[in-house]
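Written below as structure tokens is the structure these notes are about.
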Amino acid sequence: MVKINNSWDTILKDVWTTEYYKNLREYLKDEYSRFDVYPDMYSIFNALKLTDYSDVRAVIIGQDPYHQPHQAHGLAFSVQDGIPFPPSLCNIFKELNDDLGINIPQSGNLTKWAKNGVLLINNVLTVRRGQAGSHRNRGWEKVTDEIIIALNKRETPIVFILWGSDAKNKAQLVTNPIHHKLFAVHPSPLSAHRGFFGCKHFSKCNELLKRDGLEPIDWSL
């Protein structure tokens with residue numbers, strides 16, 4: 002069974018016994034045995050490991066992991082140290098710089114955000130090498146739905162930062178009026194100029210948190 006080693010273990014304990022997760026687990030055992038799959042199996046749940054349920058102040062939802070070697074490590078949009086920035090991450094850093102004046106960092110590793118209360122969760126948590134979207138519709142979407150449903154029950158406000166259609170589809174699960182939702186197109190080069198650039202979600206997120214009496218996110222890296 003999955004072991005997160007924080008309060009997510011209790012919150013998601015029923016998920017790991019569902020038929021859909023058991024089927025997903027069997028599928029993944031076969032995929033990892035026969036193909037290169039990212040991230041490595043020990044990093045799949047890094048987003049939950051690094052950001053405990055009670056620590057979440059903001060949520061950024063991605064699509065599925067990067068599908069080239071050495072990129073994905075279990076955090077949406079993040080890459081490991083020393084890896085060139087993928088185009089979407091380049092655009093995220095450009096918007097961060099434009100919004101808050103934060104210098105573009107040397108590394109695309111977003112672990113600091115995760116440890117600072119930003120849950121960086123993909124809609125689908127694994128992918129086959131070179132095949133974007135290859136693990137869609139295998140059960141991950143149900144797992145990540147349960148994560149959002151659990152966060153929706155929180156009695157402390159959370160800012161959901163929703164970029165692109167996969168993230169927007171999760172928005173319907175956020176029904177608790179204390180939470181906030183910020184929408185924009187995906188930061189991909191295909192769409193970023195249609196509303197991602199200039200969305201100012203980093204500053205807006207912090208304004209909402211401060212309005213609710215919560216500590217703002219330190220977006221520097």
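Using my numbering, you'd call the opening residue of the sequence shown number 2 and step up by one each time. For each residue, glycine too, the CB sits at the ideal point set by N, CA and C.
A residue is called buried when at least 16 other Cβ atoms come within 10 angstroms of its Cβ; Asp41 does not meet this threshold and is exposed.
Within its own chain, the residues whose Cβ lies closer than 7 angstroms to the Cβ of Glu142, once the five positions on either side in sequence are excluded, are Asn124 and Val125, listed in chain order.
In the displayed model, Arg129 falls within a strand according to three-state DSSP. With fewer than 16 other Cβ atoms from the protein chains shown falling within 10 Å of its own Cβ, Asp82 counts as exposed. When secondary structure is reduced to three states using DSSP, Leu174 falls in the coil class, being assigned neither helix nor strand. Here DSSP, grouped into helix, strand and coil, assigns Ala115 to helix. Residue pairing of Tyr39 in beta bridges, as defined by DSSP: Val128. Arg58 sits buried, since 16 or more C-beta atoms from the chains shown fall within 10 Å of its C-beta. Under the three-state reduction of DSSP, Lys182 is assigned to strand. Here Phe161 is not near Ala151, since their CB atoms are 8 angstroms or more apart. With a cutoff of 8 angstroms on beta-carbon distance, Ala48 and Ala133 are scored as not near each other. Counting C-beta pairs with one atom in each stretch, the segment 179–186 and the segment 65–82 have fewer than three that are closer than 8 angstroms, which means they do not touch. Judged by their CB atoms, Leu97 and Phe203 are nearer to each other than the 8 angstroms cut-off. In terms of Cα proximity to Val16, the closest of Gly196, Val144 and Val128 is Val144.
Ser108 and Pro188 do not touch by the CB rule: their CB atoms are close to 18 angstroms apart, not below 8 angstroms. Under the DSSP assignment, Val144 falls outside any beta strand (DSSP E), being part of the alpha helix (DSSP H) whose first and last residues are Trp141 to Asn153.
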